[in-house]
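Take our numbering: the final residue in the sequence shown is number 96, and no numbers are missing along the way. For glycine and all other residues, C-beta sits at the position ideal for the given N, C-alpha and C. Please read all numbers here as calculations on a predicted model, not as lab measurements.
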Amino acid sequence: MRQHTPGPWRVGDAGATVFGPKSDKPVPEIVATVRHKANARLIAAAPEMLELLKCYIGAHKSMTPQTLERYDAEARALLAKMRGEA
11 MRQHTPGPWR VGDAGATVFG PKSDKPVPEI VATVRHKANA RLIAAAPEML ELLKCYIGAH
71 KSMTPQTLER YDAEARALLA KMRGEA
């Protein structure tokens, strides 16, 4: 199974292309090209969603209220980013 491009991913200035992380290469890696900016935002957030889910799964049963609040805040911030509100 091929590994995905590591994050963070970002939406290009035109809003239709999602690029991989910044690197020394002259041309950035293209992760996806889409028709709508909203789709680009969702795709660009995928690595962050994956990391947040990894942190939450398996740990939620033993989390303190403070930890739950932190993950809740991170999830809300990620949703805002995906909606273009960040």
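Proximity to residue i [Cα-Cα], best of the options
i	options	result
GLU95	LYS71, ARG51, ILE67 and LEU62	ARG51
ASN49	ARG20, ALA83, THR15 and LYS71	ARG20
ALA85	TYR66, THR27 and VAL41	TYR66
SER33	PRO18, PRO75, GLN76 and LYS64	PRO18
LEU62	LYS47, VAL28 and LEU78	LEU78
PRO31	LYS47, GLU39 and PRO75	GLU39
Between the CA atoms of residue j and residue i - distance to the nearest angstrom
i	j	result
VAL44	ARG80	32 Å
GLU58	LEU88	8 Å
GLN13	ALA56	13 Å
First through last residue of the alpha helix (DSSP H) which encompasses residue i
i	result
ILE67	Unbroken run through ILE67: none, as it is neither H nor E.
Residue i: first and last residue of the uninterrupted beta strand (DSSP E) it sits in
i	result
THR43	40-43
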